[in-house]
Amino acid sequence: MHEPGTLRLFKRGPSIEVRLVLLLALCLGMVVTDAHWTVLGPVRSGLSVFLYPFQRVVLAPRDAMEYFDSWSHAATLARAEQEALRRQRIEMAQLSTHAAQLATENEQLRRLLNVSESITQQSVAVEVFYVPSGAFNHRLIFNKGSRAGIAPGMPVIDDGGVVGQIVRVTPFTSEAALLIDDQVSIPVQVLRNGLRLIAFGGNEVGKLEVRYLSSGVDVRAGDVLVTSGIGGLFPAGLPVGRVERIERDPGTGFAMAIAEPLSHPERYRHFLVLRVDVADVPQPEEIEHALDAQ
Numbered sequence: 001m002h003e004p005g006t007l008r009l010f011k012r013g014p015s016i017e018v019r020l021v022l023l024l025a026l027c028l029g030m031v032v033t034d035a036h037w038t039v040l041g042p043v044r045s046g047l048s049v050f051l052y053p054f055q056r057v058v059l060a061p062r063d064a065m066e067y068f069d070s071w072s073h074a075a076t077l078a079r080a081e082q083e084a085l086r087r088q089r090i091e092m093a094q095l096s097t098h099a100a101q102l103a104t105e106n107e108q109l110r111r112l113l114n115v116s117e118s119i120t121q122q123s124v125a126v127e128v129f130y131v132p133s134g135a136f137n138h139r140l141i142f143n144k145g146s147r148a149g150i151a152p153g154m155p156v157i158d159d160g161g162v163v164g165q166i167v168r169v170t171p172f173t174s175e176a177a178l179l180i181d182d183q184v185s186i187p188v189q190v191l192r193n194g195l196r197l198i199a200f201g202g203n204e205v206g207k208l209e210v211r212y213l214s215s216g217v218d219v220r221a222g223d224v225l226v227t228s229g230i231g232g233l234f235p236a237g238l239p240v241g242r243v244e245r246i247e248r249d250p251g252t253g254f255a256m257a258i259a260e261p262l263s264h265p266e267r268y269r270h271f272l273v274l275r276v277d278v279a280d281v282p283q284p285e286e287i288e289h290a291l292d293a294q
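Residues in the sequence shown are numbered from 1 upward in steps of one, following my numbering.
In structure tokens, the structure reads:
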């Protein structure tokens with residue numbers, strides 16, 4: 001038979017101070033043991049394996065934030081580098097184009113210098129200020145005018161030959177009509193045989209016309225036209241154009257030579273204005289009226 005047990009309402013054990021001392025002693029012993037022996041190595045390894053999943057779960061938010069921050073920083077850095085490379089490519093392309101343009105202009109200026117040394121007239125170097133709007137406009141506005149000694153009637157040349165003629169000036173700008181302007185005419189002669197003719201701006205875009213030639217005139221395709229010097233405005237011997245073909249009209253008995261100008265005003269920005277004597281040249285308004293009447 002079992003004896004009835006007595007109910008214990010209170011349990012007494014070691015006091016909390018004793019427990020603290022025991023725990024401190026245990027910790028101290030484990031520290032000393034771990035410092036001098038490897039007995040606790042397997043225990044530490046087992047505890048690290050046991051605690052690793054909990055560590056990963058606890059550190060997951062931090063790792064996610066670091067990953068997102070590094071990803072966004074890398075994306076921003078990549079975009080910045082891409083924009084910098086794109087900007088650098090554009091700048092390099094602009095520098096390359098600008099260098100090529102400067103090289104072309106320097107080469108043309110050297111040719112102009114050679115031309116200016118080969119002529120006896122004084123000249124003024126000008127640069128295109130702007131081109132008047134209009135699909136069929138054949139005028140150029142230069143950045144120098146009467147203050148630089150430019151006057152209406154003075155010829156404009158480049159390294160290829162005659163470009164046109166000044167028709168209007170202001171103190172700071174001047175306007176030139178190109179050879180291909182249908183209101184311009186210039187005395188020329190055939191370089192091969194010295195035949196004197198008059199060249200006009202052609203109805204065909206970019207061409208010159210030598211009109212009212214007799215059917216038996218000695219002008220051939222390939223002939224070079226130069227200024228004849230008649231009139232005193234255009235010095236003799238300046239290249240004007242090259243004859244491309246001869247068109248004959250059986251109905252009238254006349255022929256017309258179509259020539260291509262040897263100058264290239266559409267390619268360059270710098271030209272020379274020859275300061276010839278224009279004392280007898282009409283004023284700009286009279287020149288315009290005379291051109292309109294042709």
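Don't be surprised by glycine CBs; every beta carbon is placed ideally from N, CA and C. Predicted, not measured: the structure shown is a model, and the values here were computed from it.
Have a look at Val188, Leu140, Leu191 and Pro187 and flag the residue whose alpha-carbon is nearest the alpha-carbon of Val167.
Leu140
Starting from Ser123, trace the beta strand (DSSP E) in both directions and tell me its first and last residue.
Ser123 to Tyr130
If you reduce the DSSP assignment to three classes, tell me which class Asp69 lands in.
helix
Considering only the alpha carbon of each residue, which of Val31, Val58, Leu225 and Phe142 lies closest to Val240?
Leu225
If you draw a straight line from the C-alpha of Asp69 to the C-alpha of Gln82, how long is it?
20 Å
Measuring only the C-alpha atoms, how far is Glu17 from Leu28?
16 Å
When you compare only the Cα positions, how much space is there between Thr173 and Ile186?
23 Å
Give the DSSP-derived three-state secondary structure of Leu272 in the structure shown.
strand
Taking the C-alpha atoms as reference points, what is the distance between Glu285 and Ser228?
Here the model assigns Glu285 a pLDDT of 46, short of 50, so the residue's position is not dependable, and the following value carries that caveat. Going from the Cα of Glu285 to the Cα of Ser228 covers about 26 Å.
Is it true that the segment 151 to 160 meets the segment 263 to 279, where meeting means three or more beta-carbon pairs spaced less than 8 Å apart?
yes
Taking only the alpha-carbon atoms, compute the straight-line gap between Ile246 and Pro171 and give it to the nearest angstrom.
43 Å
Output yes or no for whether 8 Å exceeds the beta carbon distance between Ile180 and Gly206.
yes
Thinking C-alpha only, which one of Ser214, Leu191 and Leu197 is nearest Gly253?
Ser214
Can you tell me the Cα-Cα spacing of Ile258 and Val128, whole angstroms?
28 Å
Separation of Ala103 from Leu199, as counted between CA atoms
The identity of residue 199 in the sequence shown is Ala, whereas the question assumes Leu. If I take the Cα positions, the gap works out to 34 Å.
Where the beta strand (DSSP E) containing Thr227 begins and where it ends:
Val224 to Thr227
Neighbourhood of Gly231 by C-beta distance below 8 Å, restricted to the same chain and skipping five residues each side:
Pro187
Backbone CA spacing between Asp292 and Ala221 [nearest angstrom]:
Its pLDDT being 47, under 50, Asp292 is placed unreliably in this model, and the value from its coordinates should be taken loosely. Using only the alpha carbons, I get a separation of about 30 Å.
What is the rounded straight-line gap between the Cα of Pro250 and the Cα of Gly194?
26 Å
Coil, strand or helix - Pro42 by DSSP
helix
Run the CB neighbour count on Arg19, radius 10 Å, all protein chains shown included, and call it buried at 16 or more, exposed below.
exposed
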